Every structure is written in C-alpha cells, then in structure tokens.
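The structure under discussion appears below in the form of structure tokens.
Residue numbers (our numbering): 199 to 711.
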C-alpha cells in the first residue's frame, strides 16, 4: 500500500530520518497533557510511538479514515505523527462541530506552507479581525451573487474557447478518443486566471506559467509538512527541505503577481479601463483606494486573496466537471435524460447561456450528485479548537486539529438511500443544498468557514457541463464498455480520476445551421 508518508515527504532524507529515529526515539516527542482521563477523549485506533497512526493511512486518506471510523465511530482521534486529529465522519457530528461549536472551531491550525505562501489570506488565515475583514471583502466585493452575474460574459467567452478546442481536437482525432481531462483542466485554469487577471494571462502568454504554479500550489498546500506532524522537531524542517521549496515557490508567485498588479495599475492610470471590475485584481485595487478599506487591505493581503482564488478555483471546477462527465458516460440513461432536458430548453443557440441553465433542475441535480460522490476536497480544510468543548459526551481539548471527512458523510447510509449509486433523482424535489445548512451535504463546508466561492464554482460547472452536453454527443473509446470504464481515484488529498478521461465527442452539426 502506498502510504500517506509518500504523499507528505518527497525528500529521501526524510524517509531515512524517520527510519533511523523510529528505532531509538520512541518517546522523544512532546506529549499533549490534556488534564483529563483518556476515557473522556474520543476513541482512537492503537498507535505506534512517534509515528502514531501514519502507517494506517493509505494513498487515499479520506478512504482510510472512513474505514477506521466504521470501527471507532464517527468522532475519533487519530495521531498523524505526534499530532492528534479529531476526525468527524457523520452528519450529526459535523453539525455539532460546524454549527453548535462553530465559533470554537472557527480558526485554522498553523501550517508552515500556508504561512509562507498565503500570508495575509482568508482561506488559511487564523480567525480574528484580519480574517473577518478578508472574509467580508471576499463575500461582498469578489464573490457575491451580484458580482458573479457581472462575470457571466467572461464565462461564456471561455466556454466558447473550450467548445472550439473540443471541436478542433475531435476533427483532428478522426474518431479516436481525446484527452478530456486535459481540456477540462485547461478550461478551469483559464476561467480562474481570467477572473483574477482579466485578459492578462492570455494576452501576455502567461497561461502555462499560471497552470504550473497552480499545480505546485496543490502539491504543497494539499499535504502535511514535517512540522505539522512532528511539531517538537520543527527545527529540523529547514534541514529536510520542504520550507525551502515553499519559499522558492512563493518567490515565483510574487514575481508573477507583481507583474499582473503593476500592469493593471498602469492601465488604470492610462485610462484603459475596458474590463475594470470584471476581474479580481481591479476590484481589489479599487478597494485599496477606499478610505474605509485601505487600512485592512495591504498589498500582501491582495496577493493572499488572489492566491486563495487560485488555490481553490481551478481544482474545484476541474474535478467536478471531470467526474460529472465520467458518471454520465458510466450511466448512459442519465446522460440521455440530461441531454433531453438541455436540448429541450436550448433550441438553436450556439451556446447555452447562464440564464437558460437556471431552468435546468436535472442538470443541477447531476452536479449535486457528482459533488456528493466525488467532492473535490473529500477532507475539508482543517480547523482547530480555540477552547475545550464537549461533543457527544467526549471531551474535545483546546488546540486539537479537526478534519471533517465529507467523503464519508456523503456515503452515510442513514442520510442516503443506496449511497454508492449515482442517482441524481434523489435531489429532484429535495430542498437539500450545499449552502451549509444540510450537514449530510457539505462539499463546500459550513459555518463561518464555508467556502465563499461556492456560488461561483457551481455556476461555472453548470454552464460548462450544459454546453458540453448540448453541443456534443459522447462515446467511450472504441472497444471500451461501461464495465471497463475506470472510475478509480488518483492517490492524494483530492479526488481526481486516476486515469485520464478519454472520450469521443460527436459534434452536433444539426443545431448549428
């Protein structure tokens, strides 16, 4: 089994170090003294000295933790190295942590990587006055429902680019399957770059650089650092290398973002304001000049907020689209039903519009079902308790880190009939939504830390999927049956498909007369 340690440490020095110290340093780490009898803590699997339960966590951490929770309960402790984590694996326990004790768990644990890369940001920042200001800026000025409507023209332009790319590749492939994973990832990357920087990323030829940096973000922020797991040995982090990697990556981001920001400033000074307020950079630069906002929005905060958009935006859109298409090909009856809805509402248009998407309940149900079974972030971003509390009779100590396993919650038998079946109909006529009030369905989190970009992400996925289904018919590669179609997840902390999504698109010329 590929171990979690393979995902966390990419330096051979770390593996050697762990092998050596585990032989003779059994109790060198600093144990947490919770001043309570252990019987009052949540149950936990047996752990080894120093490494804790790391060896029980495989290459798909959310699945490993779900397996352990079936034995030890929906509220359990696991020790990743010397650091205890509270694992929440049911809707009831999630509601307790994210509604009843939302304020108690409102902060993020310290992380070396996020402190280096995302200083001054909102998503990974600790709870407090600065965080509240960054949250207000994100929800009010960047990602409000009103602002999302202003981005619809840009979204539709990027949809046209993607449709043309699919058409071009279909023509060149002569009936051979094309790599839709690559196309969908490029679209997701372009849509977030366009929202952040306007047309800069394409006009200046920076698309590939943005893509490369975003990929590295996922690798760095989606894993634990050495000091996350072994805080008593944090002094060795610099020797073992991960810090240096994050710092070098931060330098590259700073250089690119400085260039983006400077060009936007110059354009504004020259009176070239063609797409001002259609991208995040211009919105934030305008807010910096607001007397009420300027004291809360340093250039470091601007960069941190922009980095948040990059860190979350690309993967959420790409993973949701990839799995939605995969499930539709795996379930052709659902594909037929969805195509009927989309093509009944959209007649001879060349592109499905944002307005038309609002009239497609089955499309929205397909996307909800995709997010239930394949959440882009199966383990929600970690929280940390700011004070001791009691959940379900267990003492939850101050300072403990919390991971909510939505992958497990989305398969909870008491909440979902036939939970492993892809069945969009379960959402038709249901009021269950991902706004953070239905704790059996929280792909974007809940409470104070709910993802502010959920409306932007969901509307983007809806529009893209509707157009893919409307403009093309889809087939599996020649010779492949539904039973052969691989639906395994790739190793890691998100739920990308293990195998690239290769499909044959058939362009519907009849609707483009």
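Even glycine gets a Cβ: it sits at the ideal position worked out from N, Cα and C. Values in this document were obtained by computation on a predicted structure and should not be read as measured data.
- Note that the C-beta distance between residue 432 and residue 425 is below 7 angstroms.
- Between residue 685 and residue 520, the alpha-carbon positions lie close to 11 angstroms from each other.
- Considering only 304, 592, 504 and 404, the residue with the shortest C-alpha distance to residue 582 is 304.
- In the structure shown, residue 497 falls within a helical segment according to DSSP collapsed to helix, strand and coil.
- Excluding residues up to 5 positions away in sequence, 243 lie with their Cβ nearer than 8 angstroms to the Cβ of residue 269 in the same chain.
- With a contact defined as Cβ atoms closer than 8 angstroms, residue 284 and residue 273 qualify at about 7 angstroms.
- With respect to the 7 angstroms criterion, residue 441 and residue 318 are not classified as neighbours on the basis of their beta carbons.
- Within the same chain, 360, 363, 364 and 367 come within 8 angstroms of residue 381 by CB-CB distance, once the 5 residues on both sides are set aside.
- CA-to-CA, the gap between residue 503 and residue 333 works out to about 9 angstroms.
- In this structure, the beta-carbon distance from residue 324 to residue 306 falls below 7 angstroms.
- Apart from sequence neighbours up to five positions away, the residues of its chain that approach residue 529 with a beta-carbon distance below 7 angstroms are 620, ordered along the chain.
- Taking the Cβ atoms as the reference, residue 558 lies roughly 6 angstroms from residue 539, within the contact range of under 8 angstroms.
- Listed in chain order, the beta strand (DSSP E) runs fully inside the stretch 384–456 amount to none, counting runs of at least 3 residues.
- Of the residues assessed, residue 310 falls on the buried side of the cut-off, its CB having 16 or more other CB atoms within 10 angstroms.
- Secondary structure note for residue 275: its beta strand (DSSP E) is the uninterrupted segment 273–278.
- Counting every other CB atom within 10 Å of its CB across the protein chains shown gives residue 568 a total of 16 or more, marking it as buried.
- Taking every protein chain shown into account, the CB of residue 618 has fewer than 16 other CB atoms within 10 angstroms, so this residue is exposed.
- A distance below 7 angstroms separates the beta carbons of residue 577 and residue 603.
- For residue 268, the enclosing alpha helix (DSSP H) starts and ends at 259–270.
- Residue 290: not part of any beta strand (DSSP E); member of the alpha helix (DSSP H) spanning 289–293, first to last residue.
- Residue 686 sits in coil when the DSSP states are folded into three classes, being neither helix nor strand.
- The C-beta distance from residue 378 to residue 694 rounds to 13 angstroms, too long to meet the 8 angstroms contact threshold.
- If you draw a straight line from the Cα of residue 468 to the Cα of residue 343, it comes to about 30 angstroms.
- Contact check for residue 247 against residue 598 fails: the beta carbons are separated by 7 angstroms or more.
- In this model, residue 481 and residue 321 are separated by some 19 angstroms (Cα to Cα).
- In the structure shown, residue 468 adopts coil according to DSSP, grouped into three states.
- Annotation for residue 385: 356, 360 and 662 place their beta carbon closer than 7 angstroms to its own, counting only its chain and skipping 5 residues before and after.
- In the DSSP assignment, residue 255 falls outside any beta strand (DSSP E), carrying neither H nor E.
- Annotated as distal: residue 610 and residue 267, with beta-carbon spacing of 7 angstroms or more.
- Of the candidates 352, 625 and 517, 625 places its Cα closest to the Cα of residue 564.
- Secondary structure of residue 614 (DSSP, three-state): coil.
- Excluding its 5 nearest sequence neighbours in each direction, residue 635 has C-beta neighbours in its own chain below 8 angstroms: 644, listed in chain order.
- DSSP places residue 671 within a strand segment (E or B) once states are collapsed to three.
- Pairing residue 254 with residue 352, the inter-Cα distance amounts to about 46 angstroms.
- For the pair residue 640 and residue 622, the Cα-to-Cα distance works out to about 16 angstroms.
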